[in-house]
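Novice: This is the structure, below, for whatever I ask next.
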Amino acid sequence: RLPERFLTFSVVSATDRKRRVRPLNACAPKNSSVLRCAALGHQSVGLELNILLVLYSKYKARHQHLSHLAAFHRKDIFRADLTKYRSAVIFGTERVMDDLVPKLDEMLTGSYLIAFRFPLPSNTRWRLIWKVEAGIDSVWLYEKCPYIVPNS
Numbered sequence: 008r009l010p011e012r013f014l015t016f017s018v019v020s021a022t023d024r025k026r027r028v029r030p031l032n033a034c035a036p037k038n039s040s041v042l043r044c045a046a047l048g049h050q051s052v053g054l055e056l057n058i059l060l061v062l063y064s065k066y067k068a069r070h071q072h073l074s075h076l077a078a079f080h081r082k083d084i085f086r087a088d089l090t091k092y093r094s095a096v097i098f099g100t101e102r103v104m105d106d107l108v109p110k111l112d113e114m115l116t117g118s119y120l121i122a123f124r125f126p127l128p129s130n131t132r133w134r135l136i137w138k139v140e141a142g143i144d145s146v147w148l149y150e151k152c153p154y155i156v157p158n159s
C-alpha cells in the first residue's frame, strides 16, 4: 500500500501551484483525501452518493475541527458542476473511467486530476504527468490540456 504521507503529497503537490484551489474528491473511501487536503489548509469538497458515507465524513470533519475547510455533499458526479474545481481526486472503477472523461472535460485547462486504482483511457485532454503502478493502490496524476494527448 502507498503510505498516507505519499498520497497527501501527491494531492497537495498537484494543487499547491495556485493557492486558491478547490480539490474535489468523488467516491473516495471515507473521503480521507478531502480531510487531508483540508488539514493542509485547502478548501475541499467531497461528493458521494452513499448518504451514510456523507454523514460519516461530515462527522469526521467536525471531529477534526476541519468543517470550515471540508464540505461533503450527497451528489452524483455526473450531475455536479465541475467548472469551479481546479483539481479532483477520483476513486473509480475501470468501466466508470471511460464515462467520466466527458464530465471531467468541464474542468478548466490547467486543472489536475489524481486517479486511484484505474487510469483514464488514452486520447483525452488529460496529459499523464506521473504514475505509480502498485496493483490496487495505483495512482495516476494528470493535467488538463487544451488539446488531445495520446497517453500510453
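To get our numbering, take the position in the sequence shown, counting from 1, and add 7.
Just so you know, even glycine gets a beta-carbon here, dropped at the ideal spot from N, CA and C.
Note that the structure is predicted; figures quoted are calculated from it, not measured.
According to DSSP, is His70 helix, strand or coil?
Specialist: helix
Novice: Name, in chain order, the residues that DSSP records as bridge partners for Phe98.
Specialist: Phe123
Novice: Give the DSSP-derived three-state secondary structure of Thr90 in the structure shown.
Specialist: DSSP places Thr90 in helix when its eight states are reduced to three.
Novice: Just curious, the beta strand (DSSP E) that Leu42 is in, first and last residue?
Specialist: Run containing Leu42: none in the beta strand (DSSP E); it sits in the alpha helix (DSSP H), Ser39 to Ala46.
Novice: Should Arg26 be labelled buried (16 or more other beta-carbon atoms within 10 Å of its own) or exposed?
Specialist: Only weak support exists for where Arg26 lies, its pLDDT of 43 falling under 50; the coordinates are left without a value.
Novice: Does the beta-carbon distance from Lys82 to Leu120 come in below 9 Å?
Specialist: No; because the gap between Cβ atoms is not below 9 Å, this pair is not in contact.
Novice: Identify whether Val28 lies in helix, strand or coil by the three-state DSSP scheme.
Specialist: Since pLDDT at Val28 reaches only 46, below the 50 mark, its modelled position is unreliable, and no value is offered.
Novice: Over what stretch of residues does the beta strand (DSSP E) that includes Ser118 continue unbroken?
Specialist: Taken as a continuous stretch (DSSP letters only), Ser118 belongs to no beta strand (DSSP E), as it is neither H nor E.
Novice: Would you mind stating whether Leu42 and Ala68 have Cβ atoms separated by less than 9 Å?
Specialist: yes
Novice: Mapping DSSP to helix, strand and coil, what is Pro128?
Specialist: In the structure shown, the three-state DSSP call for Pro128 is coil.
Novice: Output the boundary residues of the beta strand (DSSP E) element that contains Gly53.
Specialist: Ser51 to Glu55
Novice: What does the Cβ neighbour count give for Ser129, buried or exposed, with the cut at 16 atoms within 10 Å?
Specialist: exposed
Novice: Below 9 Å between beta carbons: does that hold for Pro157 and Arg132?
Specialist: no
Novice: Count the other C-beta atoms from every protein chain shown that fall within 10 angstroms of the C-beta of Ala141, then say buried if there are 16 or more, exposed otherwise.
Specialist: exposed
Novice: Can you tell me which of Gln71, Phe79, Cys44 and Ser51 puts its alpha carbon nearest to the alpha carbon of Leu59?
Specialist: Phe79
Novice: Less than 9 Å between the C-beta atoms of Gly117 and Lys151, yes or no?
Specialist: yes
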